[in-house]
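A.B. asks:
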Amino acid sequence: MKFGFVRVLLLIAALFVAIPVHAEQRNFYKIGVITELSGDLVTGGNITKRGYDLWAQEVNAKGGIEVQGKKYQVKLVYADAQSNPAAGAAAAERLITQEKVDFILGPYSSGVTLAVAPVVDKYKVPMITGSAESPLIWKNKFKYTFGTIPPINFTGATSIKTLTELKPAPKTIAIIGSNDAFSKATAEAYKSAAEKAKLKIVKFSIVPSGQDMTPLLSAVRSMKPDVIAFGGHDEEHVKFVKALKQIGYTPKALLMHCGITDKAFTDAVGKDGEQIFGTTCWTGTAKTKSKVLWPTASAYAAASQKAFKNPGDYTQGGCSAAGIAFQTALQKVGAKPGMDEAMRAKLVQALEQIDVQTFYGRVKFATSGEFYHANVGLDPLTIQIQNGQIKTVGPKASVEAAAQYPMKEWKSR
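In mature numbering (1 follows the signal peptide of the UniProt record, and there is no 0), the protein residues as written are -23 to -1, 1 to 390.
1. According to DSSP, is residue 391 helix, strand or coil?
2. For Ala312, which three-state DSSP category applies?
3. Cutting at 7 Å between CB atoms, please list the residues of its own chain near Glu386, excluding the five before and the five after it.
4. Quick one: give me the first and last residue of the alpha helix (DSSP H) that residue 400 is part of.
5. Just to confirm my understanding: we take Lys168, look at its own chain, exclude 5 residues before and 5 after, and list those with CB closer than 7 Å. What are they?
6. Quickly, what does DSSP pair Lys48 with across the bridge? List them, please.
7. Identify every run of the alpha helix (DSSP H) within the region 127 to 205, keeping only runs that are complete inside it and at least 4 residues long; order them along the chain.
8. Would you list the one or two residues that DSSP bridges to Gln361?
9. Spatial neighbours of Gly22 within its chain, please: C-beta separation below 6 Å, excluding the five flanking residues on both sides.
10. With distance defined between alpha-carbon atoms, name the residue in Pro357, Lys388, Lys248 nearest to residue 394.
11. Spatial neighbours of Val10 within its chain, please: C-beta separation below 6 Å, excluding the five flanking residues on both sides.
12. Using DSSP bridges, identify the partner residues of Met233.
13. I'd like to know if the region 373 to 390 and the region 153 to 165 are in contact, where contact means that at least 3 CB-CB pairs between them fall below 8 Å.
14. Assess, as a yes-or-no matter, whether the region 252 to 268 is touched by the region 277 to 291 under the definition of 3 or more beta carbon pairs within less than 8 Å.
15. Tell me, to the nearest whole angstrom, how far the beta carbon of Thr106 is from that of Thr90; I am working on the premise that it is less than 8 Å.
16. Note down the Cα distance separating Lys268 from Val96, rounded to an integer number of angstroms.
17. Contact defined as beta carbons within less than 8 Å: I believe Gly209 pairs with Gly154. What is the distance between those atoms, to the nearest angstrom?
18. At what residues does the beta strand (DSSP E) containing Ile8 begin and finish?
19. Could you check which residue in Glu212, Ile150, Lys161, Met190 has the C-alpha nearest to that of Pro202?
20. Does the distance from the C-beta atom of Ala158 to that of Ser111 stay below 7 Å?
21. Starting from the Cα of Ala206, find the closest Cα among Lys116, Val184, Gly255 and give me that residue.
22. Between which two residues does the alpha helix (DSSP H) containing Val36 stretch?
23. Going straight from the alpha carbon of Phe336 to that of Ala302, what length do you get?
24. In whole angstroms, what is the alpha-carbon distance linking Gln45 and Asp317?
25. Relative to the alpha-carbon of Leu176, which residue among Gly187, Leu140, Lys161, Asp211 has its alpha-carbon at the smallest distance?
26. In angstroms, rounded to a whole number, what distance separates the CA positions of Met190 and Ala196?
27. For Tyr121, tell me which candidate among Leu113, Lys240, Pro103 has the shortest Cα-Cα distance.
28. May I have the straight-line CA-CA distance separating Lys313 from Ala327, to the nearest angstrom?
29. Pick helix, strand or coil for Ala280, following the three-state DSSP scheme.
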């Protein structure tokens, strides 16, 4: 009994000892991907998967990543975070210590990313998340974590500003957010922007993720806000729209963020998605030019449509752009597959220095301040669903179509 107990203690102690990550010689890049392939956030996880897959397919179709005159194919090794931060952290450790991946493409959600970031710092393995947007990630200043989508406090003010420029301008707003890292940050970003715009906030509420919104929205209805802004994930957006329709309240403007640009949302809500506003940093019609893989945003959207029968949204695009960022940095430092710790450190330095124009727009990571290692090369956009299409309606320099305002009543659709 005593011997068995000692063995258990030794096993537990071993879990807290970092296992050195040794270089492994091979003729292809072995890339770990951690994302939510099951659980509550599987819809978003599958969006990130499409983005990473499309990048890998395009790179391999061109013979691989060329480094010092030789091309190396890429192989993605997936690990399911199960929509759970602890599972994500365990998956990262497994990819690094057992699979010995060269680097990591990161999770869909901010909560899982916050759990994975300390692990990649511990083992000194670079990671780029093509999705997570919570300011907490960048304020923690993780050395080995980067992100291609700007944090929500960088992008969130744009849509509020667009709404305040509508005529007649809205005067009141209700703001609701789910209680997870990203969604809460989204609601807080909208609140800060609304205060600066001098919109009267009649309701600000952070609620448990997955909660039935009908009772809360019934209470909000009596306040008659001109604008309702919601911070949540994909599936929650669908439920939120259905709850508003169920109680029969149509605000003058409904503002959301993550998820409304993906085809899954418009498929789920149909005509009820019409005229909903959103915040994004990329659309398939953005005026971008690049010499790396896809030359324009529209070329990328066409490739995505061919591969998945879906033109892709800003999250999917951000994940493909994450691959391009790694690709550019690898070429810059001449990093071949099977990198040791010293080369991975050089790769981090290269990521900090890159400034590249992609189909997604400019990728340039901040190296100081509150946006440390987040992409600050993009300009936020306000979009609106019009006739089933995503249209940019703000800021003025990027407008594709005039905003439709106020929203049509649910019953008249």
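Note that CB positions come from ideal geometry on N, CA and C, so glycine has one too. Everything numeric in this text was worked out from a predicted model, so none of it was measured.
C.D. replies: Per the coordinate set shown:
1. Residue 391 falls outside the range modelled here, since the chain spans only -23 to 390, and no answer is possible.
2. coil
3. Thr227
4. No answer is possible for residue 400: it lies beyond the span of the chain, which begins at -23 and ends at 390.
5. Ile152, Ile178, Phe181
6. Glu43
7. 129 to 141, 158 to 173, 191 to 198
8. Phe254, Lys368
9. Thr12, Glu13, Leu14, Tyr85
10. Absent from the structure is residue 394, since the part of the chain shown begins at -23 and ends at 390.
11. Tyr29, Leu53, Tyr55, Leu82
12. Gly255
13. no
14. yes
15. 5 Å
16. 34 Å
17. 7 Å
18. 5 to 12
19. Ile150
20. yes
21. Gly255
22. 19 to 38
23. 12 Å
24. 17 Å
25. Leu140
26. 10 Å
27. Pro103
28. 14 Å
29. helix
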